[in-house]
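Inspection log for the structure reproduced underneath, given as C-alpha cells.
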Amino acid sequence: MQNTKQYKAIIFDWDGTLMNSEARIVDAIQTAAKECGLPVLSYDESKQIIGLSLENAMLGLYPRLTQSEMVAMSQAYMQCFLEESNVEMVPFDGAEALLLNLKQQGLKLAIATGKSRKGLNAVLAETGFGLYFDITRTPVESASKPDPLMLTQILQEFNLTVDEVVMIGDTSFDMEMAQNINMDRVALSHGVHQTDVLNTYNPVATLDSLNELNMWLMNHI
Numbered sequence: 089m090q091n092t093k094q095y096k097a098i099i100f101d102w103d104g105t106l107m108n109s110e111a112r113i114v115d116a117i118q119t120a121a122k123e124c125g126l127p128v129l130s131y132d133e134s135k136q137i138i139g140l141s142l143e144n145a146m147l148g149l150y151p152r153l154t155q156s157e158m159v160a161m162s163q164a165y166m167q168c169f170l171e172e173s174n175v176e177m178v179p180f181d182g183a184e185a186l187l188l189n190l191k192q193q194g195l196k197l198a199i200a201t202g203k204s205r206k207g208l209n210a211v212l213a214e215t216g217f218g219l220y221f222d223i224t225r226t227p228v229e230s231a232s233k234p235d236p237l238m239l240t241q242i243l244q245e246f247n248l249t250v251d252e253v254v255m256i257g258d259t260s261f262d263m264e265m266a267q268n269i270n271m272d273r274v275a276l277s278h279g280v281h282q283t284d285v286l287n288t289y290n291p292v293a294t295l296d297s298l299n300e301l302n303m304w305l306m307n308h309i
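Counting from 1, position 215 in the sequence shown corresponds to residue 303 in my numbering; the numbering is continuous, with no gaps.
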C-alpha cells in the first residue's frame, strides 16, 4: 500500500544516518578495549551496537563488565572518539543539502541518537549542523533505543501526533524504537545494519542514500 502521508516533522538518527562515523566508532571501541585490557572484538562485531547508549553498547559487547570497568571503558572510548582517533568522520553525501531543503520547506527537524550529549554537541558544533535542528535528544536526558522515550519527548515538544512525524535511521534500534509507538520509519541502507534486518521492522521505505531520501520526502511533506 502506497504511503500518502504528509509529515510535519522529521526525526533523524545521527551516526550511520547523517554522519558516516562507523569506522571512527569502531576504532574508538577497539582502542578502549585494548587500553582496558579487554578482548578486542572484530570490526563487524563491534559495529553492531552502534545506535545504543554508550553503557548499553558496552554491555552488549562485554556483558560481564563490572561498574568500574564500565566507567573506565566509557571514558577511554570518549577520549579516543573525541580527541585521539585519526579515523576520518564526515557527513554522508547530500546531508547538508537535505537538511537545508527541509528547513526551507518549513519542516521541524529533530535528532534522536544513542550518542552522549557531550559527543552530539561536539559533532554538531564541528559540522555546523546544529542550526538545522529544533530539538535533539540523547540517552543522557532520555532513554536508550529501542525505548521510544526520545520520540515521545520530541512529539511533546513539537506538539504533534505520531502520525505527523517520521523517523529516519540505519539500524534495527531506530526501526524498533519507532515501531514501538507506531511511528512511520524510513530505513537507510548506507549505515550499520543490513537491509534484510531493517526490513523486518516494516519501514514505509528502504532507501540507499540521502539523495534518494530527499526525493522521497518531497512527496511526503
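Positions of the beta carbon are idealized from the N, C-alpha and C atoms, including for glycine.
Query                                                                                                                                         : Result
Are there 16 or more other CB atoms within 10 angstroms of the CB of E110, so buried, or fewer, so exposed?                                   : buried
Can you tell me whether I117 is helix, strand or coil according to DSSP?                                                                      : helix
Assign K96 to one of three DSSP states: helix, strand, or coil.                                                                               : coil
To which residues does DSSP link T240 through a beta bridge?                                                                                  : In the DSSP output, where bridge partners are listed per residue, T240 has none listed.
Going by C-alpha distance, which of K233, L197 and N144 is nearest E245?                                                                      : L197
Let's test the definition: count the other Cβ atoms within 10 Å of the Cβ of L188 and tell me whether it reaches 16, buried, or not, exposed. : exposed
How is the alpha helix (DSSP H) around K56 delimited, first residue to last?                                                                  : As displayed, the chain neither begins before 89 nor continues past 309, which places residue 56 out of reach and without an answer.
Based on Cα-Cα distance, which residue from Y150, D235 and H278 lies nearest to P227?                                                         : D235
How many Å lie between H308 and T249 at the Cα?                                                                                               : 16 Å
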